[in-house]
Amino acid sequence: MRNPASRRVQEKSGMQFEGIRRGDLLKNSVYEDHGMCAITRQDYLELQKE
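Residue numbers (our numbering): 9 to 58.
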């Protein structure tokens, strides 16, 4: 991944890394991989209780 700091911020906020979509983004005429992070509503609500 090109921006590991972004992934760390997402994980600190409760999101989980789900995988990499290879060749997903077209930037400057070059396809790049795209890391996917997500959080479920239930997980988010549990984090808000803490």
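Note that beta-carbon positions come from the ideal geometry of N, C-alpha and C, so glycine has one too. For clarity, every value in this text was computed on a predicted model and none was experimentally measured.
Which of helix, strand or coil DSSP assigns to residue i
i     : result
Glu58 : coil
Arg15 : helix
Arg29 : strand
Short Cβ contact (8 angstroms threshold) for residue i with residue j
i     : j     : result
Ile47 : Gly31 : no
Phe25 : Arg16 : no
Other residues of its chain near residue i: CB distance less than 8 angstroms, five sequence neighbours each side excluded
i     : result
Ile59 : Because residue 59 is not part of the residues shown, which for the chain are 9 to 58, the question remains open.
Thr33 : Checking the sequence, you will find Leu at residue 33 rather than Thr. Correct list, in chain order: Tyr39, Glu40, Asp41, His42.
Leu53 : none
Cβ neighbours of residue i in the same chain (closer than 7 angstroms, five flanking residues each side left out)
i     : result
Asp51 : Gly22
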